[in-house]
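**Q** Counting with this note's numbering, you get residues 3 to 406 for the letters of the sequence shown.
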Amino acid sequence: MKNILCNIVNPISPEEIQFLPKQVISIEESKISAITPLSEFQGRIDEDRSNEYALPGFIDLHTHLSQYYIRGLYEPALLPWLNKYVFPEEERSKNIEYAEKLSRDFFSAMLKTGTTTCVIYTAPFFSACDMAFEIAKETGIRALIGMTMMDMNCPENLKQNSHKTLEESILLYEKWHGKNAKLDYIFTPRFAPTCSLELMKEVVKYAIEHNAWIQTHLSENKEEIEMVKEIFGFKNYTEVYQKAGLLTQHSIFAHCIHLNDEEIKMLAENKCKIAHCPDSNFFLKSGEFPLQKIEEAGIEYGLGSDVGAGTSLNMLYHTKMMNYRQSDYPVLPAKALYHITLGSAKLLGVDEIIGSLEIGKEADIVFLKPPLNYPLKNNGISQLVFCGQEFSLTETLVAGRNKE
3 MKNILCNIVN PISPEEIQFL PKQVISIEES KISAITPLSE FQGRIDEDRS
53 NEYALPGFID LHTHLSQYYI RGLYEPALLP WLNKYVFPEE ERSKNIEYAE
103 KLSRDFFSAM LKTGTTTCVI YTAPFFSACD MAFEIAKETG IRALIGMTMM
153 DMNCPENLKQ NSHKTLEESI LLYEKWHGKN AKLDYIFTPR FAPTCSLELM
203 KEVVKYAIEH NAWIQTHLSE NKEEIEMVKE IFGFKNYTEV YQKAGLLTQH
253 SIFAHCIHLN DEEIKMLAEN KCKIAHCPDS NFFLKSGEFP LQKIEEAGIE
303 YGLGSDVGAG TSLNMLYHTK MMNYRQSDYP VLPAKALYHI TLGSAKLLGV
353 DEIIGSLEIG KEADIVFLKP PLNYPLKNNG ISQLVFCGQE FSLTETLVAG
403 RNKE
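So, in structure tokens, the structure goes:
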């Protein structure tokens, strides 16, 4: 058992963050076995972090491992950016040594910025995705990982045969599903412009039969939307996924910026999930996420870094961007923190295991030390969101262990 003295910042709801100063977190094996006020604690303190905040490990609901090295490379729109930077970079992951180094650097950076759970797109190669799983297993991080699937409208060196990409995705699912409590496979058709309706239907069929997750992109960019209409001929983007059967309670759609009211209703009725990516939406000038409408519709959402269009893996940075990217709908710090912790854990159906610091949950904990001029106090939670870059991350634990 290990006993850590710290100050707990605990998400309760989008409206409430619990601040518990001077608490002793007891960790036994991988779980939190007790949380005791220092005034009542009678054991031995193993680590004195009385000048630090303890938060639940952060959850990144949408990111691209294969794009980690190209974050910050600018192009002012999605489609030109994909062609200029993303597709050439993803081809490099065909080299297994490159894929291994990339995976190591990516997961190391994740843990160093406090992310303990992530939902990942890899390059469209079996070997690159399998390598990502191997390195994730080695580091101990929690992850849903999927091989990007594309069978049309993309460079020939990345285009996959529909049958082969489905077959390889199923092989990856069978290899990794249920083999490690921290890891699972997520089926990953990139987005409608690069995936045939037939491929998406087959993905959905298998995923539903096996209760598996699916992730893709939706309505990120206006040119992308027009491209989808030209390819498929449906009245809106979301209808493509509806025809494919992809609107399920285990489907995560990234961006969802330009949805009309009918599309929002379709997502809500099918209990679909959304990964909100405010930084990348800003970086590529894609538009403003309709946060108020999404909340009013009751759609579950969480925050994603969306590296490499997102410029940082640091999820505290994205909580700030969540506020900055809403022109007339304020986002309180409590809500922003909730959507990188307990909110995203609930979305993924793992809130009984992670998402908050509670007895019986896994000890996924981030320790943050504020600058000297930021005294530890309840309203310091706002400073965590808006000045997070000034806090020192001293340690990240996943299941009570530090692999860094």
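Using N, Cα and C, we set each Cβ at its ideal position, and we do this for glycine too.
Please read these numbers as outputs of a predicted model, since none were measured by experiment.
S35 CB to nearest chain E CB: under 8 Å?
**A** Absent from the structure is chain E; it holds one protein chain and no more.
**Q** Identify the continuous alpha helix (DSSP H) that holds N131 and give its terminal residues.
**A** The count along the sequence shown starts at 1 and reaches residue 131 at position 129. The residue asked about is misnamed: residue 131 is Cys in this sequence, not Asn. Its alpha helix (DSSP H) spans residues F128 to T141.
**Q** DSSP three-state label for F388, please.
**A** One-based indexing of the sequence shown puts residue 388 at position 386. Helix at F388.
**Q** Could you pull the start and end residues of the alpha helix (DSSP H) that Q294 belongs to?
**A** Here residue 294 refers to the residue found at position 292 when the sequence shown is read from its first residue. Unbroken alpha helix (DSSP H) run through Q294: L293 to E298.
**Q** Output the boundary residues of the beta strand (DSSP E) element that contains Y326.
**A** Residue numbering aside, residue 326 sits at position 324 when the sequence shown is read from its first letter. Segment M317 to Y326 is the alpha helix (DSSP H) holding Y326; no beta strand (DSSP E) there.
**Q** Consult DSSP for P191 and reduce its assignment to one of helix, strand or coil.
**A** Taking the first residue of the sequence shown as 1, we reach residue 191 at position 189. Here P191 sits in strand by DSSP.
**Q** Is the CB-CB distance between D330 and D308 below 8 Å?
**A** The residue you call residue 330 lines up with position 328 of the sequence shown. The residue you call residue 308 lines up with position 306 of the sequence shown. Cβ atoms of D330 and D308: not closer than 8 Å.
**Q** Give a yes or no on contact between the region 81-88 and the region 49-65, applying the rule of three or more CB pairs nearer than 8 Å.
**A** Because the criterion of three Cβ pairs below 8 Å is not met, the region 81-88 and the region 49-65 do not touch.
**Q** Contact check, E392 vs P373 under 8 Å by CB: the rounded distance?
**A** Walking along the sequence shown from the start, residue 392 turns up at place 390. Walking along the sequence shown from the start, residue 373 turns up at place 371. E392 to P373, Cβ: 5 Å. Contact.
**Q** Is P16 helix, strand or coil when you go by DSSP?
**A** Translated into positions along the sequence shown, residue 16 becomes position 14. Correct three-state label for P16: coil.
**Q** Note down, one range per segment and in chain order, each beta strand (DSSP E) of at least 3 residues found wholly within the region 19-48.
**A** For the region 19-48, whole beta strand (DSSP E) runs of length 3 or above, ordered along the chain, are 33-39.
**Q** Just checking, does the region 18-36 make contact with the region 306-322 on the three C-beta pairs under 8 Å criterion?
**A** No: the two stretches stay apart, fewer than three of their Cβ pairs being nearer than 8 Å.
**Q** Could you tell me whether the region 171-189 touches the region 96-104, where touching means 3 or more Cβ pairs closer than 8 Å?
**A** With the cut-off at 8 Å, the region 171-189 and the region 96-104 do not touch.
**Q** For the beta strand (DSSP E) holding F60, just list the boundary residues, first then last.
**A** Translated into positions along the sequence shown, residue 60 becomes position 58. Its beta strand (DSSP E) spans residues F60 to H66.
**Q** With distances taken Cα to Cα, identify the nearest neighbour of E17 among L349, A336 and F369.
**A** As a working note, residue 17 is residue 15 in the sequence shown. Of the listed residues, the one whose Cα sits closest to E17 is A336.
**Q** What's the C-alpha gap between V121 and E264?
**A** As a position in the sequence shown, residue 121 is number 119, starting the count at 1. As a position in the sequence shown, residue 264 is number 262, starting the count at 1. V121 and E264: Cα-Cα distance of roughly 27 Å.
**Q** How many angstroms separate the CA atom of G362 from the CA atom of I188?
**A** Here residue 362 refers to the residue found at position 360 when the sequence shown is read from its first residue. Here residue 188 refers to the residue found at position 186 when the sequence shown is read from its first residue. Rounded to the nearest angstrom, the two C-alpha atoms are 27 Å apart.
**Q** In the DSSP assignment, what are the bridge partners of K177?
**A** Here residue 177 corresponds to residue number 175 of the sequence shown, with the count starting at 1. For K177, which the question treats as bridged, DSSP gives no partner whatsoever.
**Q** For A111, name the three-state secondary structure that DSSP assigns.
**A** One-based indexing of the sequence shown puts residue 111 at position 109. Helix at A111.
**Q** Pairs of beta-carbons, one from the region 248-263 and one from the region 217-231, closer than 8 Å: are there three or more?
**A** Contact between the region 248-263 and the region 217-231 is present, because at least three Cβ pairs lie under 8 Å.
**Q** Exposed or buried, which one is N375 when buried takes at least 16 other CB atoms within 10 Å?
**A** Counting from 1 along the sequence shown, the entry for residue 375 is found at position 373. Under this definition N375 is an exposed residue.
**Q** I'd like the list of long-range same chain contacts for E30, defined as Cβ closer than 6 Å, with 5 residues on each side in sequence excluded.
**A** Numbered from 1 along the sequence shown, position 28 holds the residue referred to as residue 30. Around E30: M3.
**Q** Is the beta carbon of N163 less than 8 Å from the beta carbon of P195?
**A** Locating residue 163 in the sequence shown gives position 161, counting from the first residue. Locating residue 195 in the sequence shown gives position 193, counting from the first residue. The answer is no: Cβ separation not under 8 Å.
**Q** Taking a contact to mean a Cβ-Cβ separation below 8 Å, would you say A134 touches I143 in this structure?
**A** Working through the sequence shown from its first residue, we reach residue 134 at position 132. Working through the sequence shown from its first residue, we reach residue 143 at position 141. Contact flag unset, no.
**Q** Can you tell me whether DSSP reads D308 as helix, strand or coil?
**A** For the purposes of this step, residue 308 is identified with residue 306 of the sequence shown, where counting begins at 1. Coil at D308, not helix or strand.
**Q** Can you check whether the CB of N9 is closer than 8 Å to the CB of Q20?
**A** By one-based count along the sequence shown, residue 20 stands at place 18. By one-based count along the sequence shown, residue 9 stands at place 7. Not a contact, by the Cβ cut-off of 8 Å.
**Q** Take the Cβ of N316 as the centre, count every other Cβ of all protein chains shown within 10 Å, and call the residue buried at 16 or more, exposed below.
**A** In the sequence shown, counting from the first residue as 1, residue 316 sits at position 314. Buried.
**Q** Taking the alpha helix (DSSP H) that L339 belongs to, which residues open and close that run?
**A** Your numbering for residue 339 matches position 337 in the sequence shown. Residues P335 to Y340.
**Q** Per the contact definition of three or more C-beta pairs closer than 8 Å, is the region 58-68 in contact with the region 383-392?
**A** Verdict: no, contact absent.
**Q** Quick one, which of T240, A101, L249 and C279 has its alpha-carbon nearest G310's?
**A** What you label residue 310 is simply residue 308 of the sequence shown in a count that begins at 1. The candidate whose alpha carbon is nearest that of G310 is C279.
**Q** Looking only at its own chain, which residues have a Cβ that is under 7 Å from the Cβ of L160, when we skip the five neighbours before and after it?
**A** For this step, residue 160 is matched to residue 158 along the sequence shown. F89, E92, E93, P126 and M152.
**Q** Start and end of the beta strand (DSSP E) containing G148?
**A** For this step, residue 148 is matched to residue 146 along the sequence shown. Its beta strand (DSSP E) spans residues R144 to M151.
**Q** Are the beta-carbon atoms belonging to M202 and S171 less than 8 Å from one another?
**A** Residue 202 sits at position 200 when you count from the first residue of the sequence shown. Residue 171 sits at position 169 when you count from the first residue of the sequence shown. For M202 and S171, no; Cβs fall outside 8 Å.
**Q** Which stretch, first to last residue, makes up the alpha helix (DSSP H) that contains F285?
**A** For the purposes of this step, residue 285 is identified with residue 283 of the sequence shown, where counting begins at 1. Start and end: P280 to F285.
**Q** Can you tell me whether P58 is buried or exposed, with buried defined as 16 or more other CB within 10 angstroms of its CB?
**A** The count along the sequence shown starts at 1 and reaches residue 58 at position 56. Result: buried.
**Q** In angstroms with no decimal places, state the Cα-to-Cα distance between R106 and V400.
**A** Counted from its first residue, the sequence shown places residue 106 at position 104. Counted from its first residue, the sequence shown places residue 400 at position 398. In a straight line, the C-alpha of R106 is about 17 Å away from that of V400.
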